[in-house]
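> Residue numbers for the sequence shown follow our numbering, beginning at 5 and rising by one.
Note that CB positions come from ideal geometry on N, CA and C, so glycine has one too.
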Amino acid sequence: MKEKLKKRIFQIIEFNNDKDCLDRICNGVIVTLIFLNLIVLCLETVDSIGAKYQILFERFDCFSLGIFTIEYILGIWSCTVDKRFRHPIGGRVRYMLTPLALLDFIAIAPSYLPILFPELRAFRSIRLLRLLRILKLTRYSDALRSMLKVFVAKSEEIIIAFFMLFILLFIASSLIYFAEHEVQAEAFPDIPSSMWWGVTTLTTVGYGDVYPVTPLGKLVGALVAILGIGIFALPAGILASGFSEEIRAKQTRRRPKLVVVCPHCGKPLNEFPAHRSKQ
Numbered sequence: 005m006k007e008k009l010k011k012r013i014f015q016i017i018e019f020n021n022d023k024d025c026l027d028r029i030c031n032g033v034i035v036t037l038i039f040l041n042l043i044v045l046c047l048e049t050v051d052s053i054g055a056k057y058q059i060l061f062e063r064f065d066c067f068s069l070g071i072f073t074i075e076y077i078l079g080i081w082s083c084t085v086d087k088r089f090r091h092p093i094g095g096r097v098r099y100m101l102t103p104l105a106l107l108d109f110i111a112i113a114p115s116y117l118p119i120l121f122p123e124l125r126a127f128r129s130i131r132l133l134r135l136l137r138i139l140k141l142t143r144y145s146d147a148l149r150s151m152l153k154v155f156v157a158k159s160e161e162i163i164i165a166f167f168m169l170f171i172l173l174f175i176a177s178s179l180i181y182f183a184e185h186e187v188q189a190e191a192f193p194d195i196p197s198s199m200w201w202g203v204t205t206l207t208t209v210g211y212g213d214v215y216p217v218t219p220l221g222k223l224v225g226a227l228v229a230i231l232g233i234g235i236f237a238l239p240a241g242i243l244a245s246g247f248s249e250e251i252r253a254k255q256t257r258r259r260p261k262l263v264v265v266c267p268h269c270g271k272p273l274n275e276f277p278a279h280r281s282k283q
């Protein structure tokens, strides 16, 4: 009985089965709570509403936090029904380190800071940490789960691309500092401050608050702007490639499979995706 209950809970938490009524209800409740939390967070910033309904908002926040915490604990408790997390301790730790479980933890952990440290309640910025609850949508959205898979699969390439971007940013900030510091000491006082110009130029935003005036500085700015277009295209290309691979993999998984059966013993000989006839 206990194992059946654990298996059922794990299926509801980890797998989105649209044909299962209870699964749809549970997922609908969690998703609704997430969106209501975001609405409450917005309403709290309106002084007249936030002051009038402060107690109601705080109670709703505690209720939501309790539901999210119970869901997280149930996931850890029931994960041992999966063969990947079979060990009662090591398996649960392994489950807690999975991407979706980590997102669940990040979504609820900051909300306990004001409870553990009441003095933090005075800081309005602590409330913004509740925005992290939107990360829980990843578990209930196929599109967001696909996005997470792509980021995990392409993490090495993305890190390399951003490392190259940081190197270019450092070089650009250093060059513009040496080219403009003597003429615009206030605009380019040091290399770290010059990185603001480097970021706005590499991203081709160009706010115009800081810009080069010397011929050498303008040359550096032009080169950085041109290189920035190519550098920022790298992560976009990597992610586009990852999404394309994920879509193809999904299509392959959804295809029905034909099983070749031995005419003598009846055992399957091979499995391969069934392709529709071109006729």
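(1) Specify, as a first and last residue, the run of the alpha helix (DSSP H) that MET100 falls within.
(2) Identify whether PHE192 lies in helix, strand or coil by the three-state DSSP scheme.
(3) By the 10 Å Cβ neighbour count, where 16 or more other Cβ atoms means buried, how is ARG134 classified, buried or exposed?
(4) Kindly indicate the opening and closing residues of the alpha helix (DSSP H) around MET168.
(5) Report the residue ranges of all alpha helix (DSSP H) runs contained in full by the region 129-160; include only those spanning at least 4 residues, in chain order.
(6) By a C-beta neighbour count over all protein chains shown, 10 Å radius and 16 as the cutoff for buried, is VAL228 buried or exposed?
(7) Quick one: grab the DSSP three-state call for ARG280.
(8) Give me, in chain order, the residues of the same chain whose beta-carbon lies closer than 8 Å to that of LEU26; leave out the 5 immediate sequence neighbours on both sides.
(9) How about ASP108 and TYR144: are their beta carbons less than 9 Å apart?
(10) Between the Cα of LEU141 and the Cα atoms of GLU161, GLN255 and VAL33, which residue gives the shortest distance?
(11) Between which two residues does the alpha helix (DSSP H) carrying THR73 extend?
(12) Between the alpha carbons of ARG280 and ILE233, how many angstroms are there, rounded?
Let's see:
(1) 94-100
(2) coil
(3) buried
(4) 159-184
(5) 141-144 and 146-157
(6) buried
(7) Low per-residue confidence applies at ARG280: pLDDT is 43, beneath 50, and the placement is therefore not dependable, though the value from the model is reported in the following sentence. Three-state DSSP puts ARG280 in coil, outside helix and strand.
(8) ILE16
(9) no
(10) VAL33
(11) 58-82
(12) Summary for ARG280: the model assigns pLDDT 43, below 50, so the residue's position carries little reliability; its value from the coordinates is reported in the next sentence. Rounded to the nearest angstrom, the two C-alpha atoms are 42 Å apart.
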